[in-house]
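Chains as they are written, first to last, in my numbering: chain A, 78 to 321; chain B, 78 to 321. Using N, Cα and C, we set each Cβ at its ideal position, and we do this for glycine too. Just below is one structure, and these are the notes that go with it.
This is the structure in structure tokens:
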């Protein structure tokens, strides 16, 4: 999700590596995170106590499929190592206490900033979603229910709304799995339309981490897996967020 | 933007071609539209008189760059063949009197349906954009100003919001240039972040029309063309909307 000047970012990163001697980027171990451990990233990302509103909680608009799969995954958080990610109104809240790399500075005015996938606050009208993440498997599952403000063809979700949901799920997964910050590329093949108000399940995998890049894939389908909505892949650049 | 069951759509379309004799899909002339002429599509799409609100008009939130480039293109509509596309609240309004192909049916309840890129109605907070289309050049230009509800990284537009804007610009262009209806695939390479509140100019070209597919490309950049935000390509399947 953070993408400004990442050519510059990659260049500086490469330069730093060169300063240390080796003339190639350090080969990263796919089983370890870039700089911080996945555990420390997760515990920072999922504060046990916060006054911030978590938008990734059930509400009256959720369809029965969404609600029951949410409950299933909630059970898995107790035993199977899955973690339910909170979802705050803005990424500013997610990265509190950290500064953006390479001189990127956010204005700090009093505007009502919202992360795009939480742009519509009326329950059920826009994005309803919740992301579960599995640290050791480096997988995520996003339960996504598009509302009538996300329409493309009459009665169906706009392709762009699905791509944005994929980008956001990639983004959170990339950050937690390996400090992936910059989306370098996305590629999507569409298969079927998602009816407004129904559930799409996005399964995201980190396929490999190599040369400071995370390679991820996603399949979006109906709960019974009989209908594939779309398949996508994404590449993210690893960069550390520093303490302020 | 219309994507349900397009494997089925392509299959049936192919079947129809086969019924007519040739065992390959008809090779389409890139200079002509699929079934309807571009002129008839444009005149249907841009009604001279309508009570529908056009959201693609300047408002107080538009930055000076957006406003002045809008005026420049408005001048070009008088002499250079450019057309300013209206932008209604829902695609239901854009395709009034036409039915979706292959049994796709939209519910007709009284919900407040909105096309995704017009999901936020507060001026300046979400999507501000206007698309100009050139029928004979088969080009479009979209002036896009993301608001604070479209945030990704603090202070910058979410990648997904840009992809959705590209998909929507591709979609309208594909329809008018050659009855492109189904997005088959999208591919995006990100270069730099777009600051919230600033102008991004999306230049879209139809590169070729072949085997019932429109191949399109887009470059999103700053007005002075010094900063490239992203490059993308998209493939759309041609299908005719029939009269109801």
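message = Considering just the uninterrupted stretch of the alpha helix (DSSP H) at residue 251/B, what are its terminal residues?
response = Note, residue 251/B: alpha helix (DSSP H), 236-255.
query = Between the region 166-187 of chain B and chain A, which residues of the former have a C-beta closer than 8 Å to a C-beta of the latter?
reply = Listed by position along the chain: 167, 168, 169, 172, 177, 181, 182, 183, 184.
key: Proximal chain B residues relative to residue 193/A, where beta-carbon distance stays under 8 Å   = Residues of chain B with a Cβ closer than 8 Å to the Cβ of residue 193/A are, in chain order, 226, 227, 228, 229, 234, 235, 237, 238.
message = Would residue 191/B and residue 252/A qualify as a contact pair, given that the criterion is a beta-carbon distance under 8 Å?
response = Their beta carbons are not under 8 Å apart, which means residue 191/B does not touch residue 252/A by this criterion.
inquiry  = Contact defined as beta carbons within less than 8 Å: I believe residue 221/A pairs with residue 160/A. What is the distance between those atoms, to the nearest angstrom?
reply    = The beta-carbon separation of residue 221/A and residue 160/A, rounded to 18 Å, does not stay under the 8 Å limit for a contact.
query = Thinking C-alpha only, which one of 206/B, 245/B, 211/B is nearest residue 153/B?
reply = Measuring C-alpha to C-alpha distances from residue 153/B to each of 206/B, 245/B, 211/B identifies 211/B as the nearest.
query = Is residue 117/A helix, strand or coil by DSSP?
reply = Note: residue 117/A maps to helix in three-state DSSP.
message = DSSP three-state label for residue 277/A, please.
response = Three-state result, residue 277/A: strand.
request  = Count the other CB atoms, across all protein chains shown, that sit within 10 Å of the CB of residue 322/A; report buried if there are 16 or more and exposed otherwise.
outcome  = Because chain A here runs from 78 to 321, residue 322/A falls outside it and cannot be looked at.
query = Can you check whether the CB of residue 261/A is closer than 8 Å to the CB of residue 172/A?
reply = Going by C-beta atoms, residue 172/A is not nearer than 8 Å to residue 261/A.
request  = Starting from the N-terminal side, write out each stretch of the alpha helix (DSSP H) that is 4 residues or longer and does not extend beyond the region 148-211 of chain A.
outcome  = The region 148-211 of chain A contains these whole alpha helix (DSSP H) runs: 168-171.
Given residue 250/A as reference, the closest of 162/A, 234/A, 274/A once Cα atoms are compared = Nearest of 162/A, 234/A, 274/A to residue 250/A, Cα basis: 162/A.
query = Taking DSSP as the reference, what is the three-state secondary structure of residue 331/A?
reply = In this structure chain A extends from 78 to 321, so residue 331/A is not present and cannot be described.
query = Shortest alpha-carbon distance to residue 305/A belongs to which of 283/A, 143/A, 271/A, 292/A?
reply = The candidate whose alpha carbon is nearest that of residue 305/A is 271/A.
request  = Following the continuous beta strand (DSSP E) through residue 329/A, name the residue where it begins and the one where it ends.
outcome  = Residue 329/A is absent from the structure shown; chain A starts at 78 and stops at 321.
inquiry  = Would residue 91/B pass as an interface residue toward chain A - the criterion being a Cβ-Cβ separation below 8 Å?
reply    = Because residue 91/B carries a pLDDT of 48, less than 50, the predicted location of this residue cannot be relied on, and no value is offered for it.
request  = Report yes if the CB atom of residue 279/B is closer than 8 Å to the CB atom of residue 246/B, and no otherwise.
outcome  = Going by C-beta atoms, residue 279/B is nearer than 8 Å to residue 246/B.
task = Could you list which residues in chain A have their beta carbon closer than 8 Å to that of residue 203/B, in chain order?
result = Close partners of residue 203/B in chain A (Cβ separation under 8 Å): 196.
key: Cβ of residue 189/B within 8 Å of any chain A Cβ   = Residue 189/B counts as touching chain A.
Alpha carbon of residue 284/A to alpha carbon of residue 123/B, nearest angstrom = One Cα belongs to residue 284/A, the other to residue 123/B, and the distance between them is close to 46 Å.
query = Who pairs with residue 291/B in a beta bridge, going by DSSP?
reply = Residue 291/B is bridged to 286/B, 313/B.
key: Contacts of residue 245/A in chain B (Cβ-Cβ under 7 Å)   = Per Cβ cutoff of 7 Å: 237.
task = Answer yes or no: does any C-beta atom of chain A fall closer than 8 Å to that of residue 251/B?
result = For residue 251/B, no Cβ of chain A is located within less than 8 Å of the residue's own Cβ.
ask   = Tell me, which residues are paired with residue 267/A by DSSP?
value = 307/A, per the DSSP bridge assignment.
ask   = Which bits of chain B does residue 241/A rub up against, with CB to CB less than 7 Å?
value = Those within 7 Å of residue 241/A in chain B are 235, 237, 238, 240, 241.
query = Does the beta-carbon of residue 136/B have 16 or more other beta-carbons within 10 angstroms, so that it is buried, or is it exposed?
reply = An exposed status is given to residue 136/B, since fewer than 16 other beta-carbon atoms sit within 10 Å of its beta-carbon.
ask   = Among 229/A, 127/A, 257/A, 125/A, which residue has its Cα nearest to the Cα of residue 32/A?
value = There is no way to answer for residue 32/A, as the model of chain A reaches only from 78 to 321.
ask   = Do residue 205/B and residue 139/B come within 8 Å of each other at the CB atom, strictly closer than that value?
value = Taking 8 Å as the Cβ cut-off, residue 139/B and residue 205/B qualify as a contacting pair.
request  = Closer than 6 Å by C-beta to residue 295/A: which residues in its own chain qualify, once you throw out the five before and the five after it? Chain order, please.
outcome  = The residues are 243, 279, 281, 309.
key: CA-to-CA distance, residue 115/B to residue 289/B, given in whole angstroms   = Each residue's Cα considered, the two are about 16 Å apart.
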